[in-house]
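Some notes on the structure that comes next.
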């Protein structure tokens, strides 16, 4: 299986704030960071002021209460209010690969086409090694 939630966040059908979608579309391969490891609930988010504040908490071994206070309503701020400074912009490592908004149908069709190409190409390689 695969996790492809980040790609579907920028689907036309997804009702997250336009700023959130744009942040994913403009992300690079180094744009995300994992925060919250000390809490037992690590979350990968796009780097912003909130992410830097979480890093500061980690550096000084802050209490769980401080993490909770900093993270309170942060996902709502990103998803609904479009706050790209203090909102939790959750996104996977693949965020840097997502470059356009498209329909869910278009995303699924593209995934299937890419998979088909890979299967065909790998099938050709297997023919070079009979018996495997």
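Numbering (the numbering used here), first residue to last: 28 to 159. Virtual Cβ for every residue (Gly too), placed ideally from N, Cα, C. Given the structure is predicted, the values throughout are model-derived calculations rather than measurements.
Helix, strand or coil for residue 154? Go by DSSP, reduced to three states.
helix
Just grab the DSSP bridge partners of residue 59 for me.
73
How big is the Cα-Cα spacing for residue 149 and residue 142?
11 Å
Residue 91 versus residue 36: straight-line alpha-carbon distance, rounded:
29 Å
Assigned secondary structure, residue 82 (DSSP; H/G/I helix, E/B strand, else coil):
helix
Nearest candidate by alpha-carbon position, reference residue 65, set 74, 46, 94
94
Contact defined as beta carbons within less than 8 Å: I believe residue 115 pairs with residue 77. What is the distance between those atoms, to the nearest angstrom?
6 Å
Whole angstroms are fine: how far does the CA of residue 153 sit from the CA of residue 75?
46 Å
Among 119, 63, 79, which residue has its Cα nearest to the Cα of residue 54?
119
What separation, rounded to the nearest whole angstrom, lies between the Cα atoms of residue 46 and residue 156?
50 Å
Paired residues, beta bridge with residue 38 - DSSP:
129
Which residue marks the beginning of the alpha helix (DSSP H) containing residue 49, and which one marks its end?
45-52
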